[in-house]
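Structure record follows, encoded as structure tokens.
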Amino acid sequence: MNNIDLKDKIAVVTGGAQGFGLAIVERLLKSQAKILIWDKDKELMDSLDLGDNVKSIEVDVTNYKSVESATKKSIEFFGGIDILVLNAGIFPKSEKVENINFSDWSKVFNINLDANLFLLKHTFPFLKNATLGGGNVVVVGSKNVSAPGPGAAAYSASKAALNQLSRVTALEWAQYNIKVNI
Numbered sequence: 013m014n015n016i017d018l019k020d021k022i023a024v025v026t027g028g029a030q031g032f033g034l035a036i037v038e039r040l041l042k043s044q045a046k047i048l049i050w051d052k053d054k055e056l057m058d059s060l061d062l063g064d065n066v067k068s069i070e071v072d073v074t075n076y077k078s079v080e081s082a083t084k085k086s087i088e089f090f091g092g093i094d095i096l097v098l099n100a101g102i103f104p105k106s107e108k109v110e111n112i113n114f115s116d117w118s119k120v121f122n123i124n125l126d127a128n129l130f131l132l133k134h135t136f137p138f139l140k141n142a143t144l145g146g147g148n149v150v151v152v153g154s155k156n157v158s159a160p161g162p163g164a165a166a167y168s169a170s171k172a173a174l175n176q177l178s179r180v181t182a183l184e185w186a187q188y189n190i191k192v193n194i
């Protein structure tokens with residue numbers, strides 16, 4: 013795959029300190045982007061050595077004030093946000109619908125859906141002013157939206173709701189040349 017030239021584009025990657033998020037960070041680095049890793053695991057972020065074009069910010073994406081603070085720090089580091097990668101999320105233990113604990117359900121929705129609304133709201137002004145062709149939002153979706161499995165009600169429902177939030181956001185933000193892809 014050819015590298016896409018994202019030289020000096022500023023990307024926020026939530027949940028970027030490990031797993032799929034870290035793979036996204038590494039791919040963006042190959043494209044010469046500047047990257048802000050937003051993750052709650054400070055120790056893990058501190059163990060990463062990805063170079064000067066990567067800054068790490070400890071953030072609880074489920075906390076509105078924490079997201080607000082991380083957005084401000086991001087702007088202080090690189091001056092803007094061109095790309096937002098909504099990657100942070102959880103897949104809880106498998107539970108049948110009749111056994112789901114409401115607090116577990118709420119936790120999944122808080123991380124997989126509500127947090128992404130906070131992120132979209134706080135980064136909108138910067139995505140709106142992104143350079144060279146407008147801002148970009150990349151939402152990490154799930155096959156469970158169209159093909160859920162037993163025991164995955166909370167995850168599947170939260171990702172389906174995120175899918176719809178992303179579609180509405182794409183419609184509303186198109187006028188600002190912000191592209192939203194799932």
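With our numbering as the guide, the letters of the sequence shown map in order to residues 13 to 194.
Note that beta-carbon positions come from the ideal geometry of N, C-alpha and C, so glycine has one too.
Since this is a predicted model, take the numbers as computed values, not measurements.
Residue range of the alpha helix (DSSP H) that residue i falls in?
i           : result
residue 180 : 165-185
residue 140 : 127-140
residue 119 : 114-121
I need the boundaries of the beta strand (DSSP E) containing residue i, first residue and last residue.
i          : result
residue 26 : 22-26
residue 68 : 66-70
residue 95 : 95-98
Does DSSP classify residue i as helix, strand or coil?
i           : result
residue 108 : coil
residue 148 : strand
residue 53  : coil
residue 73  : coil
residue 46  : strand
residue 156 : helix
residue 189 : coil
residue 29  : coil
residue 60  : coil
residue 102 : coil
residue 19  : coil
residue 143 : coil
residue 194 : coil
Can you give the beta carbon distance from residue i to residue j, rounded, assuming they're within the 8 Å contact cut?
i           : j           : result
residue 97  : residue 23  : 6 Å
residue 125 : residue 170 : 5 Å
residue 148 : residue 191 : 5 Å
residue 90  : residue 48  : 7 Å
residue 62  : residue 45  : About 12 Å; that fails the 8 Å criterion.
residue 52  : residue 69  : Their Cβ separation, rounded to whole angstroms, is 10 Å, which puts residue 52 and residue 69 out of contact at 8 Å.
residue 27  : residue 37  : The pair is not a contact, with the Cβ atoms about 10 Å apart (cut-off 8 Å).
residue 131 : residue 93  : With 8 Å as the limit, residue 131 and residue 93 do not qualify as a contact, their Cβ atoms being about 10 Å apart.
Verify the contact flag: residue i, CB atom, against every heavy atom of the ligand HEM, threshold strictly below 6 Å.
i          : result
residue 52 : You won't find the ligand HEM in this model; it holds no ligand whatsoever.
* Should the stretch 29-44 be called in touch with the stretch 75-93, which here means at least 3 C-beta pairs below 8 Å? -> no
* Flag this pair as touching only if the stretch 98-107 and the stretch 79-86 have three or more C-beta atom pairs under 8 Å; answer yes or no. => no
* For the stretch 104-120 against the stretch 179-190, are there 3 or more C-beta pairs whose distance is under 8 Å? -> no
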